[in-house]
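Asker: Have a look at this one before I ask anything.
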Amino acid sequence: MLSTEATLRKARNSYYCDWCGEVIPAKSHYMRWQQIDDTWTRTDGYTTGGWSTHRMHPECLEKFLTRGETSFRPQTHERPTKDGESQDKQEG
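Each residue of the sequence shown is one higher than the last, beginning at 0 in numbering that gives the first Met the number 0.
Take a look at the structure:
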């Protein structure tokens with residue numbers, strides 16, 4: 000997998016955070032990066048992979064990075080609070 004560095008951007012449009020699923024309102028700041036994955040086929044036969052763009056609230060990206068993982072299930076986590084704590088929406 001190849002990935003660009005995450006950069007802080009100001010939203011021109013509204014987006015959904017890839018981590019928590021909450022709206023990133025227009026004119027607010029968010030983190031954005033792009034990556035290329037190898038193509039693979041899921042168990043349901045859907046082929047996925049290729050080029051993707053990710054957008055997260057800055058605090059959501061920080062939470063993802065502190066977990067030490069390289070992948071995540073999109074929009075299944077709680078947005079971290081100001082003290083950095085969050086709970087997963089879905090266990091597993």
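Think of the CB as a built atom: it goes at the ideal place given N, C-alpha and C, for glycine as much as any other residue.
Suppose you measure from the CA of PHE71 to the CA of LYS62; what does that come to, to the nearest Å?
Answerer: Approximately 11 angstroms, taken between the alpha carbons.
Asker: Leaving out five residues before and five after THR52 in sequence, what residues of the same chain have Cβ atoms less than 6 angstroms from its Cβ?
Answerer: So the qualifying residues of the chain are GLN33.
Asker: With DSSP as the reference, label THR65 as helix, strand or coil.
Answerer: DSSP places THR65 in helix when its eight states are reduced to three.
Asker: Per DSSP, LEU60 forms a beta bridge with which residues?
Answerer: None, per the DSSP bridge assignment.
Asker: Please classify TRP50: is it buried, with 16 or more other beta-carbons within 10 angstroms of its beta-carbon, or exposed?
Answerer: Exposed: under 16 other Cβ atoms inside 10 Å.
Asker: Counting only the same chain and skipping the five closest in sequence on each side, list residues whose C-beta sits under 8 angstroms from that of HIS28.
Answerer: Cβ neighbours of HIS28 beyond the five flanking positions: LEU7, ARG8, LYS9, ALA10 and PRO57.
Asker: What separation, rounded to the nearest whole angstrom, lies between the Cα atoms of SER13 and MET30?
Answerer: Straight-line Cα distance between these residues: approximately 13 angstroms.
Asker: Would you please state the rounded distance, in angstroms, between the beta carbons of ALA25 and LEU60? I believe it to be under 8 angstroms.
Answerer: 19 angstroms between Cβ atoms; not a contact.
Asker: Do CYS16 and HIS76 count as a contact pair if the criterion is CB distance below 7 angstroms?
Answerer: No, Cβ-Cβ distance for HIS76 and CYS16 is not below 7 angstroms.
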